[in-house]
Amino acid sequence: MTDTLVAAPATDPTPTGPDALLAESADIAGAVVDLMRQLHGIKARLAVGPEADHSPLLLLAKLVHAGPQRASALADLVGADPSTVSRQVAALVKAGLVVREADPDDGRACLLVPTALGRERVQEYRQRRAAAMAPLIQDWTAHERADFLRLLRKYVTSIDAHRDDVIATLTAHPQKGQ
1 MTDTLVAAPA
11 TDPTPTGPDA
21 LLAESADIAG
31 AVVDLMRQLH
41 GIKARLAVGP
51 EADHSPLLLL
61 AKLVHAGPQR
71 ASALADLVGA
81 DPSTVSRQVA
91 ALVKAGLVVR
101 EADPDDGRAC
111 LLVPTALGRE
121 RVQEYRQRRA
131 AAMAPLIQDW
141 TAHERADFLR
151 LLRKYVTSID
161 AHRDDVIATL
171 TAHPQKGQ
C-alpha cells in the first residue's frame, strides 16, 4: 500500500499579503512534513540488518563533501550534538573510513579526514541512492526536475540561514492569556 499524503493547497495560489504568505507557508510546511514522513518510513524499513544505522555514513558523506574538519566543526555542520558525532567518528575510524590527522593550524587539535575507502563508500552509497530515487522522477520533464532541484536547494539554503530563528519560533511558549 502506498501512502500518498499530498494535501491540496489551502489557498488560491495567487493571493498576496501577510495572510497569503502564512497560508502558503503552512501548505509548504505540510508538504515537507509529508515528505519527512515518507523518508522516515523508508528509513524505518531499512533499519534492519548489519547496516541499520546510516548516521555514520551520512556523517562521512558530509565530511567528504566539506573536506577535513575538526569534530566540533563537523557537529556544527550536521546540526548534531558533539558527543553523538564523537561516537560516530569513533566507529568510522575503527572501520578505516576516517583518519585523524594533526591540524596544521593547531597541532593540539586533529582534523578528521576521509580515507580512500571512506570516499569509495560514500560514492557507492550515492550511486545506490540515485538509482533508488530515479524512478520517482522518471516521468518528470527535464524542466520540472531542474525547477524542483533549484527550489529545493533554495529552501534548504533558507533553512540554513534562518535555523536559529525557526528553532526559537517553534520552541517559544506563549504567555498565559495570549
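All residue numbers for the sequence shown refer to full-length UniProt numbering, where the first residue is 1 and numbers rise by one.
Don't be surprised by glycine CBs; every beta carbon is placed ideally from N, CA and C.
Straight-line gap, residue i to residue j (C-alpha atoms, nearest Å)
i	j	result
CYS110	SER72	10 Å
LEU57	GLY17	43 Å
ALA146	HIS40	25 Å
GLY96	ALA90	10 Å
PRO82	ARG70	11 Å
ASP34	GLU24	15 Å
GLU101	ASP160	29 Å
GLY79	LEU59	11 Å
ARG45	ALA130	18 Å
SER55	ALA31	24 Å
Buried or exposed by the 16-neighbour rule on C-beta atoms within 10 Å, applied to residue i
i	result
PRO114	buried
GLY118	buried
GLN88	buried
LEU92	buried
VAL156	exposed
Close beta carbons around residue i, own chain, < 8 Å, minus the five adjacent residues each side
i	result
THR2	Because the pLDDT of THR2 is 48, which lies under 50, any placement of that residue in the model is unreliable, and the question is left without a value.
ALA61	VAL122, TYR125 and ARG126
Start-to-end residues for the alpha helix (DSSP H) that takes in residue i
i	result
GLY118	116 to 137
Run of the beta strand (DSSP E) containing residue i, from where it starts to where it stops
i	result
ASP81	Run containing ASP81: none; DSSP gives neither H nor E here.
Sequence-distant residues of its chain with Cβ nearer than 6 Å to residue i (five each side left out)
i	result
ALA75	PRO82 and VAL85
Beta-carbon contacts of residue i that lie in its chain and below 7 Å, excluding the five residues immediately before and after
i	result
ASP103	ARG70, ALA109, CYS110 and LEU111
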